[in-house]
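If you read the sequence shown in our numbering, its first letter stands for residue 259, the second for the next number, and so on. Quick reminder that beta carbons are idealized off the backbone N, C-alpha and C, glycines included. Everything on this sheet refers to the single structure shown next.
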Amino acid sequence: MQPLFAEHLHVGRPNVGDRGRFLDRINGALDRLWLANNGPLVQEFEARVAAVAQARYCVPVANATVGLQIAAKAAGIGPGDEVIVPSFTSPATPHAMEWIGAVPIFADVDTETVTLDPHHVERLITPRTKAIIGVHVFGRPCHIDELSALADQHGLILLFDAAQALGCTYHGRPIGGFGDAEIFSFHATKYLNSFEGGAIVTNDPDLAEAARAMRNLGLDEHREQTYLGINGRMTEASAAMGLTSLESMQDFIDVNRRNAMLYQDGLAGVPGVTLRRQAPGERANHQYVVIETDARDAVHDLLLEHNVLSRKYFYPGCHDIEPYRSKRARHTPLPLPRTEALCDRVLSLPTGTSIGPAEIAGICDIIRTACLPLRQRLAA
Ligand code: T4K
259 MQPLFAEHLH
269 VGRPNVGDRG
279 RFLDRINGAL
289 DRLWLANNGP
299 LVQEFEARVA
309 AVAQARYCVP
319 VANATVGLQI
329 AAKAAGIGPG
339 DEVIVPSFTS
349 PATPHAMEWI
359 GAVPIFADVD
369 TETVTLDPHH
379 VERLITPRTK
389 AIIGVHVFGR
399 PCHIDELSAL
409 ADQHGLILLF
419 DAAQALGCTY
429 HGRPIGGFGD
439 AEIFSFHATK
449 YLNSFEGGAI
459 VTNDPDLAEA
469 ARAMRNLGLD
479 EHREQTYLGI
489 NGRMTEASAA
499 MGLTSLESMQ
509 DFIDVNRRNA
519 MLYQDGLAGV
529 PGVTLRRQAP
539 GERANHQYVV
549 IETDARDAVH
559 DLLLEHNVLS
569 RKYFYPGCHD
579 IEPYRSKRAR
589 HTPLPLPRTE
599 ALCDRVLSLP
609 TGTSIGPAEI
619 AGICDIIRTA
629 CLPLRQRLAA
């Protein structure tokens, strides 16, 4: 069979902004001989991200995983503390907690937003619970009001894994200013990338100060060793890319939005396929185009035959991966029926600036074929 596409199409193809601006920044760093340790580009990036998020403080870090670890420690989460997280997320979310000795406890999601179901979270709260981490999955904001009320009522820390949600809003306010802190990712596969990178954003001065020191081996601004630290520093090269990406942020979002609409039209009427929607009335970054279908594996495999590398984000659920699967009774005290159903049905499709109308039309045709009843498919 001749594949429809000669080259691989990827879900996470990086968006690249103005190369000239990026190279100028890199040259500046080389001229200054300042490449790491909170250099001027990192500081500029910090200010820009804080402005986008409308948060008082931003602490750029090497990636969102280490950002989650640092934010959790800075907020006061420690060994043995139970932290309620969704299972429907990147392994980065629970792994970051497990690495600092905390105990991820998996909660179910609701099917509309695929983010933490606050009712389920409430049932999981015990005297050992220290925190809740909501994840704005595919950029769709969590039930922030309900989770905030729960956190207040039970005296819990509330963090948001906002790795996928830069540029999205909740009740019209940018993601980044909610809970005790939120954590962004600028990994190459995110629509706004800094090669690798992340940022902790918060309105809490103490948390910001602790996080700033912790990312630098625990050294505070006076070079006093005040905290247990780690190397979570962002480099100047990453900040150069991040700043350049920020200048094209709206262009990237516009392309993503156009692509999402093309997929919506192209998949209309395909039996058994639904496209995940963004929150009504909110601004979205549209960086993930996600379908749900019972024929997920057939769709995935046929796309692969045509060189389209779709991604099963998130499959399996984190409660079903090690080290959590072996200690299911500890990490998953309640069944997660909605997560399990979702994990078997979701598929992320290529989008971003390397994907255009022709690619999307082809991908939609392949999906339509994969969803035909077998007899019609063989005849197609
Ligand atoms: N929380 C959430 C909710 C997250 O989604 C993530 C990351 C994190 C926390 C942690 O953030 P970081 O610590 O990474 O900052 C990818 C990304 O590696 C990961 O960052 C992301 N979530 C996750 C959803 O997706 P993989 O294993 O699927 O990525 P990979 O390397 O297979 O790349 C995906 C596709 O992109 C491939 O087809 C190849 C293509 N690609 C990739 C890279 C890196 C390119 O074309 N160019 C590239 O430079 O996890």
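The ligand T4K heavy atom lying under 7 Å from the CB of residue i
i           : result
residue 347 : yes
Beta-carbon contacts of residue i that lie in its chain and below 6 Å, excluding the five residues immediately before and after
i           : result
residue 546 : 396, 606
residue 560 : 624, 628
residue 325 : 319, 441, 456, 458
residue 423 : 394, 397, 433
residue 556 : 628
residue 368 : 375
residue 622 : 524, 525
residue 497 : 299, 300, 303
Beta-carbon proximity list for residue i, same chain, < 8 Å, skipping 5 on both sides
i           : result
residue 334 : 388, 415
residue 472 : 328, 331, 332, 485, 486, 487, 488, 490
residue 295 : 474, 491
residue 347 : 393, 395, 419, 572, 576
residue 405 : 374, 376, 379, 390, 392, 416, 437
residue 381 : 592
residue 353 : 323
residue 596 : 366, 367, 368, 369, 375
DSSP three-state assignment for residue i, whether helix, strand or coil
i           : result
residue 495 : helix
residue 521 : helix
residue 625 : helix
residue 392 : strand
residue 552 : coil
residue 427 : strand
residue 482 : coil
residue 276 : coil
residue 639 : The first residue shown for the chain is 259 and the last is 638, placing residue 639 beyond what the model contains.
residue 590 : coil
residue 434 : coil
residue 302 : helix
residue 500 : helix
Same chain, Cβ closer than 7 Å to residue i, neighbours up to 5 away in sequence not counted
i           : result
residue 531 : 525, 549, 551, 625, 629
residue 261 : 563, 564, 565
residue 500 : 303, 444, 452, 455
**Study point:** Check your reading: residues with Cβ closer than 6 Å to the ligand T4K heavy atoms
**Key:** 268, 269, 270, 271, 272, 321, 322, 323, 347, 348, 350, 351, 393, 419, 421, 422, 443, 445, 446, 447, 456, 567, 569, 571
**Study point:** beta strand (DSSP E) runs wholly inside the region 349-411, at least 3 long, in chain order
**Key:** 361-365, 387-393
Review point. Taking the runs of the beta strand (DSSP E) that are 3 residues or longer, which of them lie wholly in the region 563-610?
Key: Whole beta strand (DSSP E) segments, 3+ residues: 604-607.
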